[in-house]
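Structure first, commentary second.
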Amino acid sequence: MTRRSLKLLHTSDLHLGSDIYPDEALLGFEQVLRLAVDRSVDAVIVAGDLFDNRGVTPQLIGEAFRRFGALRRPVVVLPGNHDTALTNGSFDRRSLPEGVHLLLKPGGEMVDLEHLGEPLGLSVWGEPVYDHSPAFRPMGALQPRCSENWYIGMAHGLVTDSDPYDEYSSKITPAELAAADCDYVALGHVHVFRDVTSGEGAPAFYSGAPSGGRSPTAVIVSMDPEAGVTVEAVQLKR
Ligand SMILES: [Mn+2]
25 MTRRSLKLLH TSDLHLGSDI YPDEALLGFE QVLRLAVDRS VDAVIVAGDL
75 FDNRGVTPQL IGEAFRRFGA LRRPVVVLPG NHDTALTNGS FDRRSLPEGV
125 HLLLKPGGEM VDLEHLGEPL GLSVWGEPVY DHSPAFRPMG ALQPRCSENW
175 YIGMAHGLVT DSDPYDEYSS KITPAELAAA DCDYVALGHV HVFRDVTSGE
225 GAPAFYSGAP SGGRSPTAVI VSMDPEAGVT VEAVQLKR
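Counting along the sequence shown from 1, when you hit position 71 you're at 95 in this note's numbering, and nothing is skipped either side.
In structure tokens:
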């Protein structure tokens with residue numbers, strides 16, 4: 025088996041259309057787009073909360089996806105609990121530019137990415153947040169690896185090992201992360217860069233948000249057949 029080296033940009037929690045920091049959110053988005061180009065990444069993965077609330081305008085949604093399409097490389101967007109403008113049934117996936125994938129299927133779905141008609145050798149799975157409640161387990165339905173591709177699991181939720189009253193919504197446990205048969209787990213929901221790798225499991229990271237906090241970040245993931253998976257947190261400007 026020969027896998028090729030791939031470089032990815034992992035981001036989350038952009039909160040475009042935020043009613044608290046709309047300008048900063050846009051600035052964060054611009055920095056993410058620039059980083060994708062500057063680092064010549066092969067794909068961009070957005071682990072939830074691209075948009076802030078159900079009131080974001082169709083214009084903003086269209087423009088954000090248009091900008092992703094203009095990157096001319098695959099982009100995968102997983103809806104988080106804030107992306108109700110994408111999950112409320114009003115969004116038409118057919119309006120997405122070529123190469124931009126929005127994971128909308130309840131129960132989760134897998135995409136095999138392509139670039140210029142050629143397989144990239146990368147599969148990405150994620151289950152969108154339709155029910156942000158303790159009943160929803162974002163990693164609970166992770167599909168087993170089904171090819172020799174690099175395999176990334178995406179999830180938007182809270183990694184915790186301490187929830188005695190089962191009260192946390194969209195919970196992800198360290199045991200689920202340890203058992204995930206992936207090469208990398210791209211997480212969103214916590215707005216701070218964090219390594220949550222569990223035991224011998226795949227590297228699992230929160231990318232941190234590119235805006236809205238004191239330490240905006242995005243993550244560059246390098247996947248190399250020899251060196252394995254390495255993760256770099258890139259500090260963005262406020
Ligand atoms: Mn969230």
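Here a beta-carbon is modelled for each residue, glycine too, at the ideal position from N, C-alpha and C.
Heavy atom of ligand 1 within 8 Å of GLY104 beta-carbon
Correct: GLY104 has its Cβ closer than 8 Å to ligand 1.
Taking 9 Å as the cut-off, decide whether the C-beta atoms of VAL61 and ALA242 are in contact.
A distance of 9 Å or more separates the beta carbons of VAL61 and ALA242.
Simplified DSSP state of LEU201, which is helix, strand or coil:
If DSSP states are grouped into helix, strand and coil, LEU201 belongs with the helices.
Taking the alpha-carbon positions, what's the PRO188 to THR221 distance?
A direct Cα-to-Cα measurement between PRO188 and THR221 gives close to 22 Å.
Minimum length 4: unbroken alpha helix (DSSP H) runs contained in the stretch 76 to 132:
List check, alpha helix (DSSP H) in window: 82 to 93, 108 to 111.
What residue range is occupied by the uninterrupted alpha helix (DSSP H) comprising GLU48?
46 to 62 is the extent of the alpha helix (DSSP H) around GLU48.
Checking 9 Å against the spacing of the C-beta atoms, do GLY212 and GLY72 come in under that value?
Closer than 9 Å, so yes.
Could you tell me whether any non-hydrogen atom of ligand 1 is closer than 8 Å to the CB of HIS180?
Yes - ligand 1 has a heavy atom lying nearer than 8 Å to the Cβ of HIS180.
Any chance the stretch 195 to 202 sits against the stretch 110 to 120, with 3 or more Cβ pairs inside 8 Å?
Fewer than three pairs of CB atoms, one per stretch, sit closer than 8 Å, so the stretch 195 to 202 makes no contact with the stretch 110 to 120.
Specify the secondary structure class of ARG262 as computed by DSSP and reduced to three states.
ARG262: coil per DSSP, three-state reduction.
In whole angstroms, what separates the C-alpha of ALA202 from that of ALA228?
One C-alpha to the other measures close to 9 Å.
SER239 beta carbon less than 9 Å from that of LEU38:
Cβ distance not < 9 Å, so LEU38 and SER239 don't count as in contact.
Exposed or buried, which one is ASP264 when buried takes at least 16 other CB atoms within 10 Å?
Here the chain comprises residues numbered 25 to 262, so residue 264 is not present and cannot be evaluated.
Applying the criterion that 16 or more other CB atoms from any shown protein chain within 10 Å of the CB defines a buried residue, is ASN173 buried or exposed?
If you draw a 10 Å sphere on the C-beta of ASN173, you find 16 or more other C-beta atoms in it, and that means buried.
Have a look at LEU182 and ALA109 and give me their C-alpha separation to the nearest angstrom.
When rounded, the separation of the alpha-carbon atoms in LEU182 and ALA109 is 21 Å.
Taking only heavy atoms of ligand 1 into account, decide whether any of them is closer than 8 Å to the Cβ of GLY72.
Yes - ligand 1 has a heavy atom lying nearer than 8 Å to the Cβ of GLY72.
By how many angstroms is the C-alpha of SER231 removed from the C-alpha of ARG161?
Distance between the alpha carbons of ARG161 and SER231 is about 20 Å.
Quick check: what's the CA-CA separation for LYS31 versus MET247?
Between LYS31 and MET247, the C-alpha separation is close to 6 Å.
According to DSSP, is ASP73 part of a helix, a strand, or is it coil?
Note: ASP73 maps to coil in three-state DSSP.
In terms of residue numbering, what span does the beta strand (DSSP E) encompassing PHE229 cover?
It spans 228 to 230 - the beta strand (DSSP E) in which PHE229 sits, taken as one unbroken run.
CA nearest to the CA of GLU48, picked from ALA233, ALA210, PRO82, LEU137
Checking every option, the nearest Cα to that of GLU48 belongs to ALA233.
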